[in-house]
């Protein structure tokens, strides 16, 4: 219904415009012809001769002026005035045909249809009105003929046929004129709709768009450009532009933006231009253009896009990626020597000649290294979170074992004045989530509780309500004011007030823990604390229960099961190859394996390792992944390739060594052809057992 109303309104508008143009045009033509006809009439006859013809002629000539005079007062009635004028001329033509110039009847009969077509038929709407109009028109022209006996009636059957054909043809002609008008209106509506949509798009998009002629006149612009220009003239506006970066090599590299626009008209039609990035006030705008035909003349369409935010985001992204890469690299480089120091300190501590005092000092060294490793782990996690590559690995595991491991870790750090309580209510034996990340969160909360509790108690509470696991860590420590709580989960958010007695750390732990909680399906870590009353940290994560048929649950501390006799020194000493670019690490490995009766040779890069393996037989290869010249992954691929070609007869098992804990690293190592992997820092027992296992294999 709405579409029909639009078509009806458009048709009415079309009829009104057509009526106005027809009346204005005929007034000019009739006025001009009237002067000529009246002059000929005066030349052929005296002024008082042929008075009837003179009066009819004058009335025909003055009628359009008279009608137009009233039509201007009532413009909405233009179609009616057109119809009345047409009817007036129609009747006048009939009268002239039958009464004044009957000898010219044929000519006036031909004039009649043109009069109706010009003044009336375009006003008709629909088939019924077209038929009625045709009957009316036939009656006006034939009735005087019957009345004056100009048309014979003695053979009516023969006469009826042409009359019916006349009515039918005129009806069809009128109807199809109406259909043509409808199609025109539909086309106008569609064009107007598309035009409105394009205008809406041009006015909505934030891009700056304008059309400029060859003589630098603005032919079109959108709202965005109007706002950007303000009240400035086009030439003033364009001359204020300065290139930040120029792209198009077709244009003069020394020309400014205004000159470039002028020079574009030296190129052919449809040539496109990418001007470059313009700095205007505080904005960076990328401008493009194209030579087009606009209103039968050449013009340049120019579009500008504000790329300030995009460039800023790209810059921030690049900076974040660089920071993450830097943190990742530095953390890896810090982890490697720290791991070596811990291993050497552990080996020295096991020596029988070390005094009790020196063992205490070694414990301090090992403890400090462990703390440094935890800080490095925080930095690595932060780098992965920023880079968006932190992955969660959900597996079934024994929840009570994980909680007890966390408690064991923290209990050895508590003095006599701090008691530890546990409250595990209705927790299932096995749940499915990421055990390593869950342990990381719980240990961070317990470590913070230990740092800020001088005496009193620490309580760890766990409760499961499908499918949520609820964890609470409560202490009776120094607490904190409410205004400090929001700072806890911000980047490097340490409580810097000296009264808080905040010891070591860089302030990443709680922020990372909060992010991990969200990664595990929770919301945020909740804090309830007041000064002198202690603090309570709580969170919940999504944790599914395994299917009833799940029976094999991996232990997050599971190690390769090795027969006891293999743990001892081998009766027949074996030779392993250590491949590492840091000689200090090699020394650590050699000392460590020497105690187990394993001989070692070493290579400082992948190429040296390949040459040694070609010429020597080894029981196992400990391969560092990141090395100069040829890294561990490429070295392993090359060794497997040499084995497939028969150059190396037997390739020993390869154990990769890396400080990266990303799950993708394990996949990368396995896909390169390595047999196993250790993550540095690695406990001595784990490393020895793995090496002995693969030697035996």
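Residue numbers (my numbering): 645 to 1341. Positions of the beta carbon are idealized from the N, C-alpha and C atoms, including for glycine.
What's the gap between the Cα of residue 1204 and the Cα of residue 1335?
-> Summary for residue 1204: the model assigns pLDDT 39, below 50, so the residue's position carries little reliability, and this model does not support an answer.
Going straight from the alpha carbon of residue 683 to that of residue 703, what length do you get?
-> C-alpha of residue 683 to C-alpha of residue 703: approximately 16 Å in a straight line.
Which of the three DSSP states, helix, strand or coil, is assigned to residue 708?
-> Note: residue 708 maps to helix in three-state DSSP.
Rounded straight-line distance, which links the Cα of residue 881 to that of residue 669 | The straight-line gap separating the alpha-carbon atoms of residue 669 and residue 881 is approximately 46 Å.
Is residue 1170 buried or exposed, if buried means 16 or more other CB atoms sit within 10 Å of its CB?
-> Classified as exposed, residue 1170 has fewer than 16 neighbouring CB atoms from the shown chains inside 10 Å of its CB.
Other residues of its chain near residue 1175: CB distance less than 8 Å, five sequence neighbours each side excluded = Result list for residue 1175: 1122, 1123, 1124, 1125, in chain order.
Residue 742 beta carbon less than 9 Å from that of residue 789 | Judged by their CB atoms, residue 789 and residue 742 are nearer to each other than the 9 Å cut-off.
State the DSSP-derived secondary structure class of residue 886, mapped to helix, strand or coil.
-> Here residue 886 sits in strand by DSSP.
Length of the line joining the Cα atoms of residue 1315 and residue 856 | Near 60 Å, if we compare the C-alpha coordinates of residue 856 and residue 1315.
For the putative contact between residue 1051 and residue 1113, defined by C-beta atoms under 8 Å, what is the C-beta separation to the nearest angstrom?
-> The distance from the Cβ of residue 1051 to that of residue 1113 is about 16 Å, inconsistent with a contact at the 8 Å cut-off.
Kindly indicate which three-state DSSP category residue 741 falls into: helix, strand or coil?
-> If DSSP states are grouped into helix, strand and coil, residue 741 belongs with the helices.
Identified DSSP bridge partners for residue 1247 | Bridge partners of residue 1247: 1223.
Just how far apart, CA to CA, sit residue 1061 and residue 1099?
-> One alpha carbon belongs to residue 1061, the other to residue 1099, and they sit about 5 Å apart.
Would you check if the region 1043-1059 and the region 1078-1088 touch, i.e. whether three or more CB-CB distances between them fall below 8 Å?
-> Flag = yes, the region 1078-1088 and the region 1043-1059 touch.
Distance, Cα to Cα, residue 866 vs residue 843?
-> Using only the alpha carbons, I get a separation of about 9 Å.
For residue 1199, which three-state DSSP category applies?
-> Confidence at residue 1199 is low in this model, with a pLDDT of 46, below 50, so its placement is unreliable and the value that follows should be read with caution. When secondary structure is reduced to three states using DSSP, residue 1199 falls in the coil class, being assigned neither helix nor strand.
How big is the Cα-Cα spacing for residue 809 and residue 750?
-> Roughly 18 Å separates the two Cα atoms.
Spell out a yes or no on whether the region 888-898 and the region 912-928 are touching, meaning 3 or more CB-CB pairs, one atom from each, closer than 8 Å.
-> Segments in contact, yes.
Supposed contact pair residue 832 and residue 654 - C-beta distance, whole angstroms, cut 8 Å = The Cβ separation is near 6 Å, so the contact holds.
From 1328, 1339, 1340, 925, residue whose alpha carbon lies closest to that of residue 986 = Comparing Cα positions, the closest option is 1328.
Helix, strand or coil: which one does DSSP assign to residue 1318?
-> Coil.
One or two residues paired with residue 1102 in a DSSP bridge | In the DSSP assignment, residue 1102 forms a beta bridge with 1064, 1119.
State the Cα-Cα distance for the pair residue 658 and residue 664, rounded to the nearest angstrom.
-> Between the alpha carbons of residue 658 and residue 664 lies a gap of roughly 10 Å.
Report yes if the CB atom of residue 1245 is closer than 9 Å to the CB atom of residue 1256, and no otherwise.
-> For residue 1245 and residue 1256, yes; Cβs fall inside 9 Å.
Identify whether residue 1087 lies in helix, strand or coil by the three-state DSSP scheme.
-> The answer is helix: DSSP assigns residue 1087 an H, G or I state.
Give every residue of the same chain whose Cβ lies closer than 8 Å to the Cβ of residue 978, excluding the five residues on either side of it in the sequence, and list them in chain order.
-> Taken in chain order, the residues that qualify are 1016, 1020.
When 871, 868, 897, 903 are compared against residue 879, the one with the closest alpha-carbon | Nearest Cα to residue 879 within the set 871, 868, 897, 903: 903.
Bridge partners - residue 924, DSSP secondary structure assignment | Note: residue 924 sits in a beta bridge opposite 927.
From residue 953 to residue 1252, what distance separates their C-alpha atoms?
-> Computed Cα separation, rounded: 50 Å.
Tell me, please, whether the region 1039-1051 touches the region 999-1007 by the rule of three or more beta-carbon pairs shorter than 8 Å.
-> With fewer than three CB-CB distances shorter than 8 Å, the region 1039-1051 does not count as touching the region 999-1007.
Residue 1065 to residue 1078 span [Cα, whole Å] | In a straight line, the C-alpha of residue 1065 is about 25 Å away from that of residue 1078.
Pick helix, strand or coil for residue 942, following the three-state DSSP scheme.
-> Collapsing the DSSP output to three states places residue 942 in a strand.
Compute the Euclidean distance between the alpha carbons of residue 1067 and residue 1182, then round it to the nearest angstrom.
-> One C-alpha to the other measures close to 14 Å.
Is it right to say residue 1268 is buried, meaning 16 or more other beta carbons lie within 10 angstroms of its own, or is it exposed?
-> Burial is judged here by how many other beta carbons sit within 10 angstroms of a residue's own beta carbon; residue 1268 has at least 16 and is buried.
What is the rounded straight-line gap between the Cα of residue 1091 and the Cα of residue 1231?
-> About 34 Å.
Whole angstroms is fine: what's the gap from residue 1322's alpha carbon to residue 981's?
-> The straight-line gap from Cα to Cα measures roughly 16 Å.
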